Structure formats: structure tokens, C-alpha cells
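Each residue of the sequence shown is one higher than the one before, starting from 0 at the first, in numbering that gives the first Met the number 0.
Even glycine gets a Cβ: it sits at the ideal position worked out from N, Cα and C.
No experiment lies behind these values; they were computed from the predicted model shown.
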Amino acid sequence: MLIARIKRDTTERAIKKAEPWYSDFAKFSALSNKELAKAGKVKAAIRATKRKYHEAMTSLERISNQVHELRRGSVVAEEGI
Numbered sequence: 000m001l002i003a004r005i006k007r008d009t010t011e012r013a014i015k016k017a018e019p020w021y022s023d024f025a026k027f028s029a030l031s032n033k034e035l036a037k038a039g040k041v042k043a044a045i046r047a048t049k050r051k052y053h054e055a056m057t058s059l060e061r062i063s064n065q066v067h068e069l070r071r072g073s074v075v076a077e078e079g080i
């Protein structure tokens, strides 16, 4: 009976001693998960912005090519005069 009480007391002390660590661990785990979620949103926003930039550059290249084609056509027409 004495040994059982000593074991119980020792276990209770160990639990009380470890409790702040587990409490802090849970708090920082939640904070870490929140920050990871924010990072995921930022990465998604970056991907969307890069996609829009790529689309804009493709459109600009298409416009530039059309302008060059128009200029070539007008140069050929002037030479034919």
C-alpha cells in the first residue's frame, strides 16, 4: 500500500511537472498551424499573380507581333508603289 501511494504521488508530481510543457506545446502547435495556413494562402496568391503576369506577357507578345506584321505589310505596300 505504501509503495502504491509512493508510485501514485511520483506519477502525480511528474504529470504536474510536465503539464506546462504540454500546454505550451499545444499552444505553439496551434500557432504553427495557423502560420502554415497563412503561408499556404500567400503561396496561392503568388501562383495566381505569376499566372496573370504570364498571361499579360503572352498577350503583350501577341500585340507586338501584330504590330510588326502590320509594319512589314506597310513597308511592302510602299515598295510596291
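Rounded to the nearest angstrom, the gap between the Cα atoms of Ala29 and Asn64 is 53 angstroms. The straight-line gap separating the alpha-carbon atoms of Phe24 and Ala47 is approximately 34 angstroms. Thr10 and Lys51 have their C-alpha atoms roughly 60 angstroms apart. A straight line joining the alpha-carbon of Ser58 with that of Arg71 spans about 20 angstroms.
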